[in-house]
Amino acid sequence: MNILLDGRPEEALRIHAYMLRGGYQGLKRARQTPPQQVIEEIKSSGLRGRGGAGFPTGLKLSFIPQQEDTPRYIICNLDEGEPGTYKDRTLCEHVPHKLVEGLAICAYAIQATQAFIYCRAEYPYLVDVLKQAINQAKQENLLENLDIELRMGAGAYVCGEESALIESIEGHRGNPRFKPPYPAGQGLWQQPTVVLNVETLCNVPFILREGADAFSSVGTPDYPGTKLITLNGDVEHRGCFEVTTGTPIKEIIETVGGGVRQGRALKAIQVGGSSGGFLKASQIDTPLDFAALQKAGGSLGSGAILVLDETRDMVDLCFNIADFYRKESCGKCLPCREGCYRGWQIIRKIQQHQANQQDVENLFLLLDVMKETALCGLGQSFYLPIQSCITLFEEEFQAKLRTEVGGGERIS
Ligand SMILES: Cc1cc2nc3c(=O)[nH]c(=O)nc-3n(C[C@H](O)[C@H](O)[C@H](O)COP(=O)(O)O)c2cc1C
Numbered sequence: 036m037n038i039l040l041d042g043r044p045e046e047a048l049r050i051h052a053y054m055l056r057g058g059y060q061g062l063k064r065a066r067q068t069p070p071q072q073v074i075e076e077i078k079s080s081g082l083r084g085r086g087g088a089g090f091p092t093g094l095k096l097s098f099i100p101q102q103e104d105t106p107r108y109i110i111c112n113l114d115e116g117e118p119g120t121y122k123d124r125t126l127c128e129h130v131p132h133k134l135v136e137g138l139a140i141c142a143y144a145i146q147a148t149q150a151f152i153y154c155r156a157e158y159p160y161l162v163d164v165l166k167q168a169i170n171q172a173k174q175e176n177l178l179e180n181l182d183i184e185l186r187m188g189a190g191a192y193v194c195g196e197e198s199a200l201i202e203s204i205e206g207h208r209g210n211p212r213f214k215p216p217y218p219a220g221q222g223l224w225q226q227p228t229v230v231l232n233v234e235t236l237c238n239v240p241f242i243l244r245e246g247a248d249a250f251s252s253v254g255t256p257d258y259p260g261t262k263l264i265t266l267n268g269d270v271e272h273r274g275c276f277e278v279t280t281g282t283p284i285k286e287i288i289e290t291v292g293g294g295v296r297q298g299r300a301l302k303a304i305q306v307g308g309s310s311g312g313f314l315k316a317s318q319i320d321t322p323l324d325f326a327a328l329q330k331a332g333g334s335l336g337s338g339a340i341l342v343l344d345e346t347r348d349m350v351d352l353c354f355n356i357a358d359f360y361r362k363e364s365c366g367k368c369l370p371c372r373e374g375c376y377r378g379w380q381i382i383r384k385i386q387q388h389q390a391n392q393q394d395v396e397n398l399f400l401l402l403d404v405m406k407e408t409a410l411c412g413l414g415q416s417f418y419l420p421i422q423s424c425i426t427l428f429e430e431e432f433q434a435k436l437r438t439e440v441g442g443g444e445r446i447s
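Following the working numbering, the numbering of the sequence shown begins with 36 at its first residue and continues without gaps.
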């Protein structure tokens with residue numbers, strides 16, 4: 036079932052083609068319903084955020100105070116900085132009107148008249164597409180009093196974190212804020228604000244048009260609907276695909292991805308981008324579901340799936356992840372600023388056969404501290420990929436220790 040990618044790419048900017056397929060019917064229905072009821076409909080659909088954290092969308096909208104005399108804002112998060120993730124870009128290219136409609140419905144639900152789309156710096160070509168879609172919707176008088184403004188990022192992973200994103204829109208350096216207060220209470224210019232991912236917003240028109248039950252009848256009860264995945268690495272067919280949640284990862288790799296490249300054996304998968312945990316080949320029956328992946332030691336995150344074949348060196352991979360974090364830490368809080376660098380140093384030492392058991396124990400201690408004390412999700416999420424990689428592929432890490440320290444010591 037296609038809830039998201041149901042349009043023809045060549046019709047992306049033909050608003051009438053979109054309307055013929057039921058486009059803007061969800062918005063029409065929403066406007067015939069009191070805002071509070073729109074939120075209830077989204078709540079009962081079970082829709083959860085597709086940006087990574089999986090927070091229930093209807094609940095998030097319900098946190099915005101209902102009185103109409105205070106300004107409030109809605110922001111679409113199109114920062115998409117998670118490595119290996121390009122689903123939001125795909126949605127904007129293929130179904131930009133779905134995003135405009137979802138944004139207009141959610142703006143109506145919280146009674147906002149100002150919306151922003153925060154676009155990743157590396158996606159400048161989307162600006163024209165989105166502007167055209169917004170203008171077409173305006174010309175059809177579909178947006179009423181809603182203004183949608185586009186803002187560009189400047190190439191920082193941390194600016195996808197909602198409070199850093201808000202700082203960036205305000206014109207400040209894109210650093211995260213201390214929470215609480217949360218954006219629903221004090222967000223953009225200290226006013227109530229909702230930040231939602233592109234894919235989350237693109238699910239909303241279906242819910243309003245077809246009803247909450249139609250949406251929740253697809254996929255798993257815990258995380259209903261479909262999920263856009265970006266399949267990368269050692270598979271025959273890489274790309275962005277829409278799959279029903281609950282589909283086993285094995286089926287995704289074999290049926291959608293055409294199997295592991297060149298008939299090699301599968302070694303591992305990493306789900307959720309660089310901040311996601313690793314799973315071993317023996318775990319590929321795990322369904323694509325938020326809770327199931329967490330239970331298996333991974334995470335659904337943004338839905339990027341990295342397939343790794345038997346030839347891959349897990350120590351090198353771990354180093355690349357640490358290198359990404361080291362470069363992307365914004366430096367505002369000490370645990371992340373120092374921790375990403377020190378963690379990267381230890382992993383480099385392992386890679387160069389210079390580490391001993393004490394270094395590895397220090398690394399695990401560091402990961403624990405960062406998870407508990409880093410200011411935002413960037414520093415906190417350094418833990419999962421590094422910890423799961425070292426734990427699952429302990430032997431490979433041990434082999435790099437042995438040559439220098441004489442061997443035999445356990446490292447986790
Ligand atoms: C370092 C970091 C980067 C993030 N990048 C993104 C991003 O690119 N896009 C996104 O939608 N959410 C991103 N998030 C999550 C957002 O903070 C926020 O939870 C999300 O936009 C909420 O939307 P949702 O409820 O629809 O998922 C990021 C979080 C962190 C900690």
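By construction, the Cβ of each residue, glycine as well, lies at the ideal position given by its N, Cα and C atoms.
May I ask you to report which of helix, strand or coil DSSP gives residue i?
{"i": "residue 282", "result": "coil"}
{"i": "residue 149", "result": "strand"}
{"i": "residue 276", "result": "strand"}
{"i": "residue 184", "result": "strand"}
{"i": "residue 449", "result": "Because residue 449 is not part of the residues shown, which for the chain are 36 to 447, the question remains open."}
{"i": "residue 77", "result": "helix"}
{"i": "residue 344", "result": "strand"}
{"i": "residue 418", "result": "helix"}
{"i": "residue 68", "result": "coil"}
{"i": "residue 108", "result": "strand"}
{"i": "residue 441", "result": "Residue confidence is low: residue 441 scores 49 on pLDDT, short of 50, so the model does not pin down where it sits. Its coordinate-derived value is still stated next. In the structure shown, residue 441 sits in coil (DSSP, three-state: anything other than H, G, I, E or B)."}
{"i": "residue 238", "result": "helix"}
{"i": "residue 210", "result": "coil"}
{"i": "residue 177", "result": "coil"}
{"i": "residue 227", "result": "coil"}
{"i": "residue 254", "result": "strand"}
{"i": "residue 370", "result": "helix"}
{"i": "residue 118", "result": "coil"}
{"i": "residue 322", "result": "strand"}
{"i": "residue 339", "result": "strand"}
{"i": "residue 100", "result": "coil"}
{"i": "residue 359", "result": "helix"}
If we call anything under 8 Å between Cβ atoms a contact, is residue i one with residue j?
{"i": "residue 333", "j": "residue 311", "result": "yes"}
{"i": "residue 140", "j": "residue 239", "result": "yes"}
{"i": "residue 398", "j": "residue 211", "result": "no"}
{"i": "residue 93", "j": "residue 74", "result": "yes"}
{"i": "residue 336", "j": "residue 117", "result": "yes"}
{"i": "residue 281", "j": "residue 322", "result": "yes"}
{"i": "residue 183", "j": "residue 204", "result": "no"}
{"i": "residue 338", "j": "residue 265", "result": "yes"}
{"i": "residue 288", "j": "residue 294", "result": "yes"}
{"i": "residue 172", "j": "residue 165", "result": "no"}
{"i": "residue 108", "j": "residue 167", "result": "no"}
Which partner residues does residue i have in the DSSP bridge list?
{"i": "residue 295", "result": "270"}
{"i": "residue 302", "result": "None, per the DSSP bridge assignment."}
{"i": "residue 154", "result": "113 and 187"}
{"i": "residue 216", "result": "Residue 216 is not bridged to any residue."}
{"i": "residue 83", "result": "91"}
{"i": "residue 264", "result": "276"}
{"i": "residue 232", "result": "112"}
{"i": "residue 159", "result": "Per DSSP, none; premise fails for residue 159."}
{"i": "residue 259", "result": "254"}
Between the alpha carbons of residue i and residue j, how many angstroms are there, rounded?
{"i": "residue 420", "j": "residue 382", "result": "13 Å"}
{"i": "residue 147", "j": "residue 71", "result": "13 Å"}
{"i": "residue 276", "j": "residue 67", "result": "34 Å"}
{"i": "residue 64", "j": "residue 368", "result": "45 Å"}
{"i": "residue 223", "j": "residue 202", "result": "8 Å"}
{"i": "residue 273", "j": "residue 136", "result": "29 Å"}
{"i": "residue 187", "j": "residue 111", "result": "12 Å"}
{"i": "residue 359", "j": "residue 114", "result": "17 Å"}
Flag residue i as yes if its beta-carbon sits less than 8 Å from any beta-carbon of chain D, otherwise no.
{"i": "residue 107", "result": "In the structure shown, chain D does not exist; there is a single protein chain."}
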